[in-house]
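Chemist:
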Amino acid sequence: MTIKYQTERLILRPWREDDKPHFAAMNADARVMEFFPELKTREQSDQMIDECNRRLARDGFTFWAVDRKDNNEFTGFVGLNTFEANLPFCPCVEIGWRLAYAHWGHGFATEAARKCLSLAFTDFSLNKIVSFTTVANTRSRHVMEKIGMVDTGNNFLHPSIDEASGMREHCLYQAVSWIKP
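Residue numbers for the sequence shown follow my numbering, so the first one is 2 and each next one is one higher.
#1: Is Leu-158 buried or exposed, if buried means 16 or more other CB atoms sit within 10 Å of its CB?
#2: Whole angstroms is fine: what's the gap from His-104's alpha carbon to Asp-68's?
#3: Please say whether Phe-109 and Gly-61 have beta carbons closer to each other than 8 Å?
#4: At which residues does the alpha helix (DSSP H) containing Arg-56 begin and terminate?
#5: Hey, quick one: how far does the beta strand (DSSP E) through Val-79 stretch, first residue to last?
#6: Is the beta carbon of His-171 less than 8 Å from the beta carbon of Thr-135?
#7: Assuming contact is defined by CB atoms lying nearer than 8 Å, are Leu-173 and Val-131 in contact in what I supplied?
#8: Count the other C-beta atoms from every protein chain shown that fall within 10 angstroms of the C-beta of Gln-175, then say buried if there are 16 or more, exposed otherwise.
#9: Whose C-alpha, out of Thr-139, Asn-156, Ala-25 and Arg-10, is nearest the C-alpha of Asp-71?
#10: Determine, using beta carbons only, whether Leu-13 and Val-94 come nearer to each other than 8 Å.
#11: Whole angstroms are fine: how far does the CA of Ser-161 sit from the CA of Arg-99?
#12: Determine contact between the stretch 19-26 and the stretch 46-64, defined as no fewer than three beta-carbon pairs at a distance below 8 Å.
#13: Please report the residue range of the alpha helix (DSSP H) in which Val-144 lies.
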């Protein structure tokens, strides 16, 4: 059975093989990857899709592929991810998103993230969801705030990001209950 979730304008679904070239193109776009240390190769993008499918089978949730309902166009990903890195708040479940540049500015990230946050507390019975990004990424921080997440004030230095990049300091947001914002 293929599990799909829907919002007013979007479909959140498991990844397919035909998503791979679109995802790789998105991850190779410098505008999309502005707040990441590097662009992703096709191989790295394919590996991420494969990992998302493994996590879906293991956890019941993942970073889902997102399509627009009106034209079935691949938009990017939004979802939940079990995160077990060497960070002060791990292990945790994070909410995250990345959309192709053509789909920015339409409220899609907020719409899909709001759905995922609701699922985290209602369908998956999770107690806390976190999200983090480099301090300078005001667009993602705005989405976090629009879906009701709160800045914890516990900024941290991301251990896998080079200090010279200027992106090492990250802010941590969290949600501990679902109240539709």
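Quick reminder that beta carbons are idealized off the backbone N, C-alpha and C, glycines included. Just so you know, these numbers come straight off a predicted model, no measurement behind them.
Modeler: On the basis of the data shown:
#1: exposed
#2: 10 Å
#3: no
#4: 43-60
#5: 75-84
#6: yes
#7: Less than 8 Å separates the beta-carbon of Leu-173 from that of Val-131.
#8: Gln-175 comes out buried.
#9: Of Thr-139, Asn-156, Ala-25 and Arg-10, the residue nearest in Cα terms is Arg-10.
#10: no
#11: 19 Å
#12: yes
#13: 139-147
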